[in-house]
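Before any comments, here is the structure.
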């Protein structure tokens, strides 16, 4: 099939920053793209060939949008799965599949999937409502500390809380949820697996993630991870096994913990381009965004090796600032060697909102990490 400079249409559900970075690749290849997003201000609005406003959870909006494209993909998981299922029946190629999305959208279903497929994960319990947890604790069925996770619609640290005592449950929403045993770990790791419908599979190097202690958001992604060859192999094998279990097409980002005794367990997965792969734009031979396009169009997959070591720093809104965004000191970081800022195009900032990221590439990972710290301390995402 001719995808380039042709009548072929690629549909993307979601018009945020991940979509915007996918569009850099579709423009490079001259692939006609259609984007659906609920916001008039979506970062994708400027880069797509056709932009439609619509609610991604609304059956009719998703189904009617999908009917007019040849291949449909996502940049966010919270979309109407029933519509995707019916589009598949109509012959639209949907990647990731409705089946995969249905499993991943709900954290309880996702955890059960790991158990059923013998994928390593932390022990967990399911609850129809948060208020049921208190009884389980008093009956001795649950010990502190544990992690509470909303079953649906959690992202970037929302819908997740570590519970160390009863009062930590107080302000949590009373929703379907899971609790997970809090397992001490040395490292948070991630591996992005790419797979096309023909079955070709490639993995990116293992990355390690350093988190912001309060916001529960990634502060630094370090590639390659500073871990032993043995752990690298183990993490890659777990990620491949997960992608195989889902029979996944596109990118699958597998987030994992390296435990104190060097076991690898899956935290969660994302079936799309992911925060843990942003450094691939500058650091890899093939960026995760180009790879996602190659995968969903069943094209040969690109080289996933690093050209240089890469570190990614998230740019998030500073606390105490809500309103029109200003990137203070951005010219200072642009004066540093190997530093590239990516601004997502969101006009309004608020505390901890993802506004962009900065990539640092260097032949020396230690030097790259120092520059990353310098970047983090220099640039501020504020209002006037």
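Residue numbers (full-length UniProt numbering): 1 to 384. Beta carbons are placed, not taken as given, at the ideal position from N, Cα and C, and that holds for glycine.
When you compare each of 196, 205, 281 to residue 190 by their alpha carbons, which one comes out closest? Here residue 190 refers to the residue found at position 190 of the chain shown. Cα-wise, what sits closest to residue 190 is 205.
Residue range of the unbroken beta strand (DSSP E) whose run includes residue 124: Looking up residue 124 in the chain shown gives position 124. Residue 124 -> beta strand (DSSP E) spans 124-127.
How about residue 11 and residue 72: do their beta carbons lie closer than 8 Å? Residue mapping note: residue 11 aligns to position 11 of the chain shown, counting from 1. Residue mapping note: residue 72 aligns to position 72 of the chain shown, counting from 1. It is a contact, given that the beta carbons lie within the stated cut-off.
Going by the DSSP bridge assignment, what does residue 72 pair with across the sheet? Reading the chain shown from its first residue, position 72 is the one you call residue 72. DSSP lists 11, 94 as partners of residue 72.
Given this structure, state the Cα-to-Cα distance separating residue 390 from residue 251, to the nearest angstrom. The shown model of the chain, from 1 to 384, leaves out residue 390, and the question about it has no answer.
Residue burial classification, residue 255 (beta-carbon count within 10 angstroms, cutoff 16): Numbered from 1 along the chain shown, position 255 holds the residue referred to as residue 255. That one is buried.
To the nearest angstrom, report how far apart residue 261 and residue 229 are at their CA atoms. Stepping through the chain shown from its first residue, residue 261 is reached at position 261. Stepping through the chain shown from its first residue, residue 229 is reached at position 229. Between residue 261 and residue 229, the C-alpha separation is close to 15 Å.
Count the other CB atoms within 10 Å of the CB of residue 131; is the residue buried (16 or more) or exposed (fewer)? Position 131 of the chain shown holds residue 131. Exposed is the call here.
Unbroken beta strand (DSSP E) run spanning residue 32, endpoints: Working through the chain shown from its first residue, we reach residue 32 at position 32. 32-37 is the extent of the beta strand (DSSP E) around residue 32.
Within the same chain, show all residues whose beta-carbon is closer than 8 Å to that of residue 154, passing over the 5 residues directly before and after it, in chain order. Position 154 of the chain shown, counted from the start, is the residue given in the question as residue 154. Same-chain partners within the cutoff: 107, 160.
Just verifying my parser: in three-state terms, what is the DSSP assignment at residue 162? As a first step, residue 162 is located in the chain shown; it is residue number 162 there, counting from the start. In the structure shown, residue 162 sits in a strand (DSSP, three-state: E or B).
Can you give me the Cβ contacts of residue 326 inside the same chain, cut-off strictly under 7 Å, excluding the 5 residues immediately before and after it? Residue mapping note: residue 326 aligns to position 326 of the chain shown, counting from 1. These residues qualify, in order along the chain: 382, 383, 384.
What does DSSP give as the partner residues of residue 174 in its beta bridges? By one-based count along the chain shown, residue 174 stands at place 174. Residue 174 is not bridged to any residue.
Measure how close the beta-carbons of residue 182 and residue 145 come, nearest whole angstrom, since I'm counting them as under 8 Å. Here residue 182 refers to the residue found at position 182 when the chain shown is read from its first residue. Here residue 145 refers to the residue found at position 145 when the chain shown is read from its first residue. Correct: roughly 4 Å between the Cβ atoms.
Please determine, among 123, 124, 193, 307, the residue with the shortest C-alpha to C-alpha distance to residue 295. Counting from one through the chain shown, the residue named residue 295 turns up at place 295. Answer by Cα proximity: 193.
Simplified DSSP state of residue 251, which is helix, strand or coil: Position 251 of the chain shown, counting from 1, holds the residue named residue 251. Strand at residue 251.
Please list the terminal residues of the continuous alpha helix (DSSP H) segment that includes residue 245. The count along the chain shown starts at 1 and reaches residue 245 at position 245. Where residue 245 is concerned, the enclosing alpha helix (DSSP H) stretches over 229-246.
I need the straight-line Cα distance from residue 21 to residue 231, nearest angstrom please. Along the chain shown, one-based indexing puts residue 21 at 21. Along the chain shown, one-based indexing puts residue 231 at 231. Approximately 31 Å between the Cα atoms of the pair.
If you draw a straight line from the alpha carbon of residue 227 to that of residue 375, how long is it in whole angstroms? In the chain shown, residue 227 corresponds to position 227, counting from 1. In the chain shown, residue 375 corresponds to position 375, counting from 1. Using only the alpha carbons, I get a separation of about 24 Å.
Which whole runs of the beta strand (DSSP E) in the stretch 284-337 are 3 residues long or more, in chain order? 309-316, 323-328
Chain-order list of residues whose beta-carbon lies under 7 Å from that of residue 111 (same chain, five-residue window excluded): Here residue 111 refers to the residue found at position 111 of the chain shown. The residues are 121, 124, 178.
Are there 16 or more other CB atoms within 10 angstroms of the CB of residue 395, so buried, or fewer, so exposed? In the structure as shown, the chain begins at 1 and stops at 384. Residue 395 is therefore absent and cannot be evaluated.
For residue 150, which beta-bridge partners are listed by DSSP? In the chain shown, the residue the question calls residue 150 occupies position 150. Answer is 177.
Given 8 Å as the limit, is there contact between the stretch 56-67 and the stretch 278-285, that is, 3 or more CB pairs closer than that? no
Delimiting residues of the alpha helix (DSSP H) encompassing residue 81: Numbered from its first residue, the chain shown carries residue 81 at position 81. Here the alpha helix (DSSP H) through residue 81 covers 81-89.
Starting from residue 369, follow the alpha helix (DSSP H) in both directions and report where the run begins and ends. Taking the chain shown and counting its residues from 1, the one referred to as residue 369 is at position 369. Residues 365-378.
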